[in-house]
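S.K.: Quick one: the structure is below, and I'll ask about it shortly.
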Amino acid sequence: MKYPCLALRRSAPPARASLLGLAAAAAFASPVASASAASAATPETLVVTAARIEQPVPDALPSTRVLTRDDIEAAQSADLAELLRQTTSVDIGQTGPLGSQTSVFLRGADSRQVLVLVDGVPFARADFGTASWQHLPLEQIERVEIVRGNLSALYGAQAVGGVVQIITRRGNGVSVDIGGGSQGTAFASASGGARFGEGATGTRLSGTLSHRQTEGYSAKNPATNPGANPDRDGGEQSALSAQLEQGWGEGQRTTVSLLLDRTRSDYDGFTAGQDDRLTSHVDSLGLQSRHALAAGWELGIDLGRNRERFDDPTGYAIDGEARNEAAGLQLQWQALAGHTLQLGVDSRRERFVDSNATDGNSRHTEGVRAGWLGHFGAADGGLDVEAALRHDDNNVYGSDTTGLVALGWRFAPGWTLTGKLGTSFSPPSLVDQQYAAPGVTLKAEKGRDAEVGLRWRGDGGWGGWFARATLFAQAQRDRIAFDPQTFEAGNIGHARNRGVELVGEGPIGPGVLGFEATFQDPRDEDSDTALLRRARESAALNYRVTLADWQLGAWLHHTGRRLDVDPSTFASVYNRPRTTLALTARYALARNWSLGFKLDNATDEDTPEVLGYTAAPRAFTVQLQGQWR
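This is the structure:
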């Protein structure tokens, strides 16, 4: 992401912000790899994001991962960034404690090229086109669906590196979670849900309240960053989510979802000794309605709005608001057994204004798409097919047509060979448009990608084992870059990434072993240099075991060196490799009650994720969880 300080901190002069704001990332972790790998391999686990049709995870042709609520609770993670560090091909950069700017790169793509959905609603700041990951509290999340690789033909803009969909929490009975730990950390949440009525006309209401706060640590490192203020940068986050699900009859249902978040984050800007504080208010409102029209026919209606308001008294812009609005219709027809056709239209409106904004900070995109998901052969063998074609028309940067074809061959029991080809586009952000060279209309970045994968599910003596290997390649043209000397954005370059993802999980001895590894080479082809803050290799190894009433876990995760920007000289330099160890324990106190312990960064690794910022120090937390059903 370009200009993150301007976008999320509003604390720097534009030229300096553009240099420091090249998408943040760096760590790879797997605190729940065992649980999540098992979830991904379980046939009954369903995913919607991979094909915009509900299907079992093992049937999804793109590389797909699902993290369930059980996985989230087992991880004992402090925030979404910490949870996501487990996943393959994800680089994350976090610039401080709770609420700090967080950027995510998926398969080497820029952070603005990762589409994030919250209950189907696009979740991104309209100015920079990037998701505010730090405003999605884990306590409010039911599940996370991660699909790696280009899905532009399904979702349009931004889905170059992949799509991450957040499903907000659905309460069942009453559950509570309270805890605290080092650095003055305290947190609590309560979730509940109830059902009224029976059968297809029943009503379900659920909601979650959460609060987390910390005294934190200095966001910037005074020894390496001239803008550091060596005080504690604390933060607090309060959130509410609610869902109303109403059935109207057999095959007729409507769901309304709401997420509200208020985050206060202290940070270090560019004036040493100055106390900087950013306060953000985020709300996401969505409606999803599904209606059976006739045998094999279904109509889907999707409406949503995401809005983020911020106040930053010491920042470059002292306040602002970004808004995304989306609407869509999808007609789905099961033409034959095992074959489903889709036709969809959708519209998206983006608008941004802040205390420094000029005219022209809004745009709209209209899209139409068609898709096919099919299977030939026996249920446990044969050939799976997914195809999609999409056309998008934007009032500012023009139109684009993208396509996708994926195949899966179940050539032997437990073995599936997959392949996927696709084209993509990524539009300039509203800030890119604002700083385009005079008389220049920026073009969308266009790309193509390919992947080949091999999946295996063991049986017999290997029962319970799951493994996947995926080779991938991606190339882009008309890459958008910002010139810090002329302070202008333009289409000037090319980029590409090639790599392999390895994932495996299964029982060994008394416990379960999980491993993940990614080897990639994201590069700027014009200058033949590595893309900033994306590691060439990442790996994770974890082991979990149950002993009587205890569940114990250990996770070792490693991120290789990555190119970064020196905060003093603005030169490109390599950040050191980073290796951390996390230890967890959970004790069953009684039925549906447990006491959890976590020691994060047990070795107190001090290599930062982003140069000039402080690495999160060793931290210890204690957590009490309980449920009434």
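For the sequence shown, my numbering gives the first residue as 1156, with consecutive numbering after it. Glycine included, C-beta positions come from ideal geometry on N, C-alpha and C. A quick note: this is a predicted structure, and the numbers were derived from the prediction, not measured.
1) Do Gln1398 and Thr1323 come within 8 Å of each other at the CB atom, strictly closer than that value?
2) When we look at the beta-carbon of Glu1297 and count the other beta-carbons within 10 Å, is it buried (16 or more) or exposed?
3) Rounded to the nearest angstrom, how far is the Cβ of Ala1591 from that of Gly1648, given a contact under 8 Å?
4) Is the beta carbon of Arg1688 sitting closer than 8 Å to the one on Gly1248?
5) Among residues of its own chain, excluding the 5 on either side of Leu1506, which ones have a beta-carbon nearer than 7 Å to its beta-carbon?
6) Suppose you measure from the CA of Asp1431 to the CA of Tyr1422; what does that come to, to the nearest Å?
7) Does the region 1713-1723 come close enough to the region 1689-1704 that 3 or more CB-CB pairs lie under 8 Å?
8) Going by DSSP, what residue range makes up the beta strand (DSSP E) through Ile1321?
9) How many Å lie between Ala1229 and Thr1641 at the Cα?
10) What is the DSSP secondary structure of Trp1288, reduced to helix, strand or coil?
11) Beta strand (DSSP E) containing Tyr1742: first to last residue?
12) Using the three-state DSSP reduction, which class does Ala1533 fall into: helix, strand or coil?
13) In this structure, does DSSP put Tyr1552 in helix, strand or coil?
14) Taking the CB atoms as reference points, tell me whether Gly1608 and Thr1573 lie closer together than 8 Å.
15) To the nearest angstrom, report how far apart Asn1327 and Gly1406 are at their CA atoms.
16) Under 8 Å, do Leu1458 and Leu1448 count as touching if we go by C-beta distance?
17) Below 8 Å CB to CB, which residues in the same chain sit around Ser1554 once its five sequence neighbours on both sides are set aside?
18) Suppose you measure from the CA of Gln1780 to the CA of Thr1769; what does that come to, to the nearest Å?
19) Relative to the alpha-carbon of Ala1345, which residue among Asp1467, Leu1395, Arg1387 has its alpha-carbon at the smallest distance?
20) If you draw a straight line from the C-alpha of Val1508 to the C-alpha of Ser1393, how long is it?
21) Which residue marks the beginning of the alpha helix (DSSP H) containing Glu1400, and which one marks its end?
22) Nearest to Asp1633 by alpha carbon, out of Asp1681, Pro1662, Gly1316, Val1331?
23) Might you give, ordered along the chain, the residues of its own chain that have their beta carbon closer than 8 Å to the beta carbon of Ala1179, omitting 5 neighbours on each side?
24) What's the call for Ala1490, buried or exposed, on a 16-neighbour Cβ count within 10 Å?
25) Once the 5 residues before and after Leu1498 are set aside, which same chain residues still bring their CB inside 6 Å of it?
26) On the DSSP bridge list, what partners appear for Gln1368?
27) State buried or exposed for Glu1600, treating a residue as buried only when at least 16 other CB atoms are found within 10 Å of its CB.
28) Would you mind listing the alpha helix (DSSP H) stretches within the region 1242-1296 that are 4+ residues and don't spill past its ends, in chain order?
29) On the three-state DSSP scale, how would you describe Arg1689?
30) Please state the DSSP three-state secondary structure of Val1212.
31) Closer than 7 Å by C-beta to Val1595: which residues in its own chain qualify, once you throw out the five before and the five after it? Chain order, please.
32) Going along the chain, which residues of its own chain have a beta-carbon closer than 7 Å to the beta-carbon of Ala1193, five neighbours each way excluded?
33) Roughly how many whole angstroms lie between the Cα atoms of Val1221 and Ile1227?
34) Does the Cβ-Cβ distance between Ala1630 and Gly1602 come in under 8 Å?
35) Report yes if the C-beta distance between Ala1672 and Leu1657 is below 8 Å; otherwise report no.
36) Just tell me which of Pro1468, Ala1450, Thr1578 has its CA closest to the CA of Ser1307.
M.R.: On the basis of the data shown:
1) On the sequence shown, position 168 is the one that residue 1323 refers to. On the sequence shown, position 243 is the one that residue 1398 refers to. Against a cut-off of 8 Å, the Cβ pair of Gln1398 and Thr1323 comes out as a contact.
2) As a first step, residue 1297 is located in the sequence shown; it is residue number 142 there, counting from the start. Buried: at least 16 other Cβ atoms inside 10 Å.
3) For the purposes of this step, residue 1591 is taken as residue 436 along the sequence shown, with counting starting at 1. For the purposes of this step, residue 1648 is taken as residue 493 along the sequence shown, with counting starting at 1. Contact flag wrong, Cβ pair sits at about 15 Å.
4) As a working mapping, residue 1688 is identified with position 533 in the sequence shown. As a working mapping, residue 1248 is identified with position 93 in the sequence shown. Yes, the Cβ-Cβ distance between Arg1688 and Gly1248 is below 8 Å.
5) In the sequence shown, the residue the question calls residue 1506 occupies position 351. It should be noted that the sequence gives Arg, not Leu, for residue 1506. Ala1281, Arg1478, Asn1516, Ser1517.
6) Within the sequence shown, residue 1431 is the residue found at index 276, counting from 1. Within the sequence shown, residue 1422 is the residue found at index 267, counting from 1. In a straight line, the C-alpha of Asp1431 is about 5 Å away from that of Tyr1422.
7) yes
8) As a position in the sequence shown, residue 1321 is number 166, starting the count at 1. Residues 1317-1323.
9) Position 74 of the sequence shown, counting from 1, holds the residue named residue 1229. Position 486 of the sequence shown, counting from 1, holds the residue named residue 1641. Looking at the two C-alpha atoms, the distance is approximately 50 Å.
10) Walking along the sequence shown from the start, residue 1288 turns up at place 133. Correct three-state label for Trp1288: helix.
11) Start at 1 with the first residue of the sequence shown, and residue 1742 comes out as number 587. Tyr1742 -> beta strand (DSSP E) spans 1733-1745.
12) Counting from one through the sequence shown, the residue named residue 1533 turns up at place 378. The answer is coil: DSSP assigns Ala1533 none of H, G, I, E or B.
13) In the sequence shown, the residue the question calls residue 1552 occupies position 397. Of the three classes helix, strand and coil, the one that applies to Tyr1552 here is coil, per DSSP.
14) Within the sequence shown, residue 1608 is the residue found at index 453, counting from 1. Within the sequence shown, residue 1573 is the residue found at index 418, counting from 1. Contact flag set, yes.
15) On the sequence shown, residue 1327 is found 172 positions in, with the first residue counted as 1. On the sequence shown, residue 1406 is found 251 positions in, with the first residue counted as 1. Those two C-alpha atoms are separated by around 22 Å.
16) Taking the sequence shown and counting its residues from 1, the one referred to as residue 1458 is at position 303. Taking the sequence shown and counting its residues from 1, the one referred to as residue 1448 is at position 293. Going by C-beta atoms, Leu1458 is not nearer than 8 Å to Leu1448.
17) What you label residue 1554 is simply residue 399 of the sequence shown in a count that begins at 1. Contacts found: His1546, Asp1547, Asp1548.
18) Position 625 of the sequence shown, counting from 1, holds the residue named residue 1780. Position 614 of the sequence shown, counting from 1, holds the residue named residue 1769. So the alpha carbons of these two residues sit roughly 31 Å apart.
19) The residue given as residue 1345 occupies position 190 in the sequence shown. Cα-wise, what sits closest to Ala1345 is Leu1395.
20) Here residue 1508 refers to the residue found at position 353 when the sequence shown is read from its first residue. Here residue 1393 refers to the residue found at position 238 when the sequence shown is read from its first residue. Answer to the nearest angstrom: the Cα atoms are 25 Å apart.
21) For the purposes of this step, residue 1400 is taken as residue 245 along the sequence shown, with counting starting at 1. From DSSP, Glu1400 is part of no alpha helix (DSSP H) but of the beta strand (DSSP E) over 1388-1404.
22) Along the sequence shown, one-based indexing puts residue 1633 at 478. Comparing Cα positions, the closest option is Asp1681.
23) In the sequence shown, residue 1179 corresponds to position 24, counting from 1. Bear in mind that the predicted position of Ala1179 carries a pLDDT of just 29, short of 50, making it unreliable; the figure below should be weighed with that in mind. Answer for Ala1179: Met1156, Pro1159, Ile1247, Gly1248, Gln1249, Thr1250, Gln1256, Thr1257, Ser1258, Ser1266, Arg1688, Glu1764, Val1765, listed in chain order.
24) In the sequence shown, the residue the question calls residue 1490 occupies position 335. With fewer than 16 other Cβ atoms within 10 Å, it is exposed.
25) Your numbering for residue 1498 matches position 343 in the sequence shown. Closer than 6 Å at the Cβ level, and outside the excluded window around Leu1498, lie Leu1486, Ala1525.
26) For this step, residue 1368 is matched to residue 213 along the sequence shown. In DSSP, Gln1368 forms a bridge with Ala1341, Glu1391.
27) As a position in the sequence shown, residue 1600 is number 445, starting the count at 1. Glu1600 comes out buried.
28) none
29) Here the question's residue 1689 lines up with position 534 in the sequence shown. Coil, per DSSP.
30) To locate residue 1212, count along the sequence shown from 1; it is residue 57. DSSP places Val1212 in helix when its eight states are reduced to three.
31) Here residue 1595 is taken as the residue at index 440 of the sequence shown, counted from 1. Excluding sequence neighbours, Val1595 sits near Gly1645.
32) To locate residue 1193, count along the sequence shown from 1; it is residue 38. Annotation note: pLDDT 38 at Ala1193 (below 50); position unreliable, coordinate value reported separately. Glu1660.
33) Residue 1221 sits at position 66 when you count from the first residue of the sequence shown. Residue 1227 sits at position 72 when you count from the first residue of the sequence shown. Taking the straight line from one Cα to the other gives about 11 Å.
34) Along the sequence shown, read from residue 1 onward, the residue named residue 1630 stands at position 475. Along the sequence shown, read from residue 1 onward, the residue named residue 1602 stands at position 447. Against a cut-off of 8 Å, the Cβ pair of Gly1602 and Ala1630 comes out as a contact.
35) To locate residue 1672, count along the sequence shown from 1; it is residue 517. To locate residue 1657, count along the sequence shown from 1; it is residue 502. Their beta carbons are under 8 Å apart, which means Ala1672 touches Leu1657 by this criterion.
36) In the sequence shown, residue 1307 corresponds to position 152, counting from 1. For the residues Pro1468, Ala1450, Thr1578, the minimum Cα distance to Ser1307 belongs to Thr1578.
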